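Down below is the structure, laid out as structure tokens.
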Amino acid sequence: MKKEVKDTIIVELGEKLKSYPHFYLVDVTGLNAETTSELRRKCFKNEIKMLVIKNTLLHKAFEASEIDFEPLYDCLTGNTAVLFTNTANSPAKLLKEYTKQGVPALKAAYAEESLYVGADKLEELVSIKSKNEVIAEIVALLQSPAKNVISALQSGGSTIHGVLKTLGERPE
Numbered sequence: 044m045k046k047e048v049k050d051t052i053i054v055e056l057g058e059k060l061k062s063y064p065h066f067y068l069v070d071v072t073g074l075n076a077e078t079t080s081e082l083r084r085k086c087f088k089n090e091i092k093m094l095v096i097k098n099t100l101l102h103k104a105f106e107a108s109e110i111d112f113e114p115l116y117d118c119l120t121g122n123t124a125v126l127f128t129n130t131a132n133s134p135a136k137l138l139k140e141y142t143k144q145g146v147p148a149l150k151a152a153y154a155e156e157s158l159y160v161g162a163d164k165l166e167e168l169v170s171i172k173s174k175n176e177v178i179a180e181i182v183a184l185l186q187s188p189a190k191n192v193i194s195a196l197q198s199g200g201s202t203i204h205g206v207l208k209t210l211g212e213r214p215e
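For what it's worth, this note's numbering labels the leading residue of the sequence shown as 44, then goes sequentially.
Structure below.
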């Protein structure tokens, strides 16, 4: 590969690192063509950009980045695929489907401005809530007290009406 081509790839990787807030490093050693194609299709459906890249080029892109990715350097061995995403937990959920097979395996991840190194961090990454999930929980929490007040007023209104009706019908 010519130096100009390598430089272009490093610049493109740097742009992807800036444009995507989260990425996962995955070991794809041992994947056959069929399984790789299946993984790519699932990534596409989940809006995950999958790139299989040379470790040295990825290392140089990390070095050129503004963020310190030094803890990830040791993970750059074997066949590495990078999964770029806008939702922090979607690649983790996808990789969890493959845990019984062992391939692809999580090497490391950069999610929510934190580094996660090691396959044992997969459960932790799955439990990260996406922005939409957090918003949904907040809306549900905000609606809950209002629903309680409305239901209390509705049930209390019929009780008060019954008491007033009984008092009005009672002879003096």
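We put the CB at the ideal spot given by N, CA and C, even for glycine.
The structure presented is a predicted model; accordingly, all values stated were derived computationally and were not measured.
**Asked** Is T128 helix, strand or coil when you go by DSSP?
**Response** Here the question's residue 128 lines up with position 85 in the sequence shown. Of the three classes helix, strand and coil, the one that applies to T128 here is strand, per DSSP.
**Prompt:** Whose C-beta lies closer than 8 Å to the C-beta of T79 among residues of the same chain, with five residues either side of it excluded?
**Reply:** As a first step, residue 79 is located in the sequence shown; it is residue number 36 there, counting from the start. Around T79: V71.
**Asked** Are A107 and I171 close, meaning C-beta to C-beta below 8 Å?
**Response** Residue mapping note: residue 107 aligns to position 64 of the sequence shown, counting from 1. Residue mapping note: residue 171 aligns to position 128 of the sequence shown, counting from 1. Not closer than 8 Å, so no.
**Asked** If we count the other Cβ atoms within 10 Å of its Cβ and call it buried at 16 or more, is P147 buried or exposed?
**Response** As a working mapping, residue 147 is identified with position 104 in the sequence shown. It is buried - the Cβ of P147 has at least 16 other Cβ atoms within 10 Å.
**Asked** Is T78 helix, strand or coil when you go by DSSP?
**Response** The residue you call residue 78 lines up with position 35 of the sequence shown. It is helical.
**Cβ-based burial, L184 [other Cβ within 10 Å; buried from 16]** = Translated into the one-based positions of the sequence shown, residue 184 becomes position 141. Per the 10 Å Cβ criterion, exposed.
**Request:** Just grab the DSSP bridge partners of F66 for me.
**Result:** Here residue 66 corresponds to residue number 23 of the sequence shown, with the count starting at 1. Its beta-bridge partners are F127, Y153.
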